[in-house]
Amino acid sequence: MLTRRRRTLAGRELLHSVVIAAPIGAVWAELTKLDGKQRAMMDAVLDSDLRAGAPLYYRPADGTRVFVVGRVVEVDPPRPLSHTQRRTMRDDPWTLVTWELSEVAGGTRVTARRRRSWPRSSRSWKPVTSAPRSRSSTR
207 MLTRRRRTLA GRELLHSVVI AAPIGAVWAE LTKLDGKQRA MMDAVLDSDL RAGAPLYYRP
267 ADGTRVFVVG RVVEVDPPRP LSHTQRRTMR DDPWTLVTWE LSEVAGGTRV TARRRRSWPR
327 SSRSWKPVTS APRSRSSTR
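Note that the sequence shown ends on residue 345 in this note's numbering; no numbers are left out.
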């Protein structure tokens, strides 16, 4: 259940926050899933070792191309996951994305921070932060 969503574009940081009616472990599992489509990344498949310094790629299920490239900066289950990223289909700058999870009454707060974000990309983050809710809350 969504109890609060906040988006701020202050300087060059984009922030989305949502509460998902699911345990923190289920939300973490959805955000870091390696063996199937990532709903949080528009059904792309995450390809990474998920350890600091490891490369990170988001590909379509058929593996024909790469949508997002980056490197893992920090991973500490089930709290923060930080990685750099750049979309390959646009001339976007490198961005630091941090997923922060915290247990709250009624579920898990997921906060996605994107630094060095451009205003045009703010529209794409609403479905990204909403997607784990539908998958995690049904587990």
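No residue lacks a Cβ here, since even glycine has one placed at the ideal position from N, Cα and C.
Beta-carbon proximity of residue i to residue j, cut-off 8 Å
{"i": "Glu309", "j": "Thr317", "result": "no"}
{"i": "Val274", "j": "Arg293", "result": "yes"}
{"i": "Gly276", "j": "Gln291", "result": "yes"}
Spatial neighbours of residue i in its chain, beta-carbon cut-off 8 Å, leaving aside the 5 residues before and after
{"i": "Leu252", "result": "Thr238, Lys239, Leu240, Gln244, Leu262, Tyr263, Tyr264"}
Collapsed DSSP secondary structure at residue i in the structure displayed
{"i": "Ala235", "result": "helix"}
{"i": "Ala267", "result": "coil"}
{"i": "Arg257", "result": "coil"}
{"i": "Ala250", "result": "strand"}
{"i": "Arg285", "result": "coil"}
{"i": "Trp324", "result": "Any reading at Trp324 must be qualified, since the residue scores a pLDDT of 48, below 50, and its modelled position is unreliable; the value itself is stated next. Of the three classes helix, strand and coil, the one that applies to Trp324 here is coil, per DSSP."}
{"i": "Arg245", "result": "helix"}
{"i": "Arg212", "result": "Caution applies to Arg212, whose pLDDT of 48 falls short of 50 and renders its modelled position unreliable; the value that the coordinates give is listed next. Arg212: strand per DSSP, three-state reduction."}
Neighbourhood of residue i by C-beta, 6 Å cutoff - its chain only, sequence neighbours within 5 removed
{"i": "Val272", "result": "Tyr263, Arg265, Thr294"}
{"i": "Asp249", "result": "Lys243"}
{"i": "Arg320", "result": "Leu220, Thr301, Val303"}
{"i": "Ser288", "result": "Val279, Glu280, Thr304"}
{"i": "Ile230", "result": "Pro284, Leu307, Glu309, Thr314"}
Residue span of the beta strand (DSSP E) that contains residue i, given as start and end
{"i": "Trp305", "result": "301-310"}
{"i": "Val225", "result": "219-226"}
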